[in-house]
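Asks:
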Amino acid sequence: MTQLAVLPLLEVVRNHAADPDLLHLLDHDPHERSWIRLLTTEDYELWLISWPAGAATDWHDHGSSSGAFTVLEGQLTEHTFDGGLQLIDLGPGDGKAFGAGYAHDVRNATDRPALSLHAYSPRLHTMTRFKFHGDRLEVLGVERAGEEW
């Protein structure tokens with residue numbers, strides 16, 4: 006198994022995002038996020054995530070996995086913290102790649118559903134949850150694949 010660098014991982018997401026059938030694989034749940042793992046290879050896994058209005062991931066990282074995602078429909082706002090809070094608005098076709106240990110909170114702050122495609126390399130094994138205190142992140146716990154998702 007190889008860990009893909011962040012830019013090739015973003016290219017993987019963009020290549021798969023060109024499939025118009027992705028838009029119909031998940032029904033938009035009006036109350037909570039829903040997701041499906043679309044593909045697992047030796048090098049990465051691919052997830053499709055549906056976001057109802059107001060949904061958020063809360064602060065988390067992806068353990069030792071690098072990641073990339075792109076918005077297929079709607080709009081998402083990524084909150085990051087690197088010495089200060091930063092907000093990045095992402096619309097259809099916009100993408101983001103990040104390395105292992107990168108913490109963020111992704112939100113659908115709009116009143117319409119959104120859909121996004123995510124890739125992780127290597128496959129997700131853990132995610133650390135954090136609480137944002139304005140000037141720092143506090144570790145709340147670690148979730149493990151097969152237990153919490």
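Per the working numbering, residue 6 is the first one in the sequence shown, and the count goes up by one each step. Every residue gets a Cβ at the ideal spot worked out from N, C-alpha and C, and that includes glycine.
1. Can you check whether the CB of GLY72 is closer than 8 Å to the CB of LEU120?
2. Drop a sphere of 10 angstroms on the beta-carbon of LYS101, count the other beta-carbons inside from all chains shown, and report buried for 16 or more, exposed for fewer.
3. Name the DSSP beta bridge partners of GLN91, please?
4. At a cut-off of 7 Å, would you count ALA23 as near the ligand SAM, judging by its Cβ distance to the nearest heavy atom?
5. Express the C-alpha separation of VAL144 and ASP110 in angstroms, rounding to a whole number.
6. Write down the C-beta distance between LEU77 and LEU129 rounded to the nearest angstrom, noting that I regard them as a contact closer than 8 Å.
7. Let me check one thing: in DSSP terms, what residues is SER71 bridge-paired to?
8. Using the three-state DSSP reduction, which class does LEU15 fall into: helix, strand or coil?
Replies: So, from the data block:
1. no
2. buried
3. THR85
4. Ligands displayed in this structure: none; no statement on the ligand SAM is therefore possible.
5. 14 Å
6. Wrong, their Cβ atoms sit about 20 Å apart, outside the cutoff.
7. SER126
8. Three-state result, LEU15: helix.
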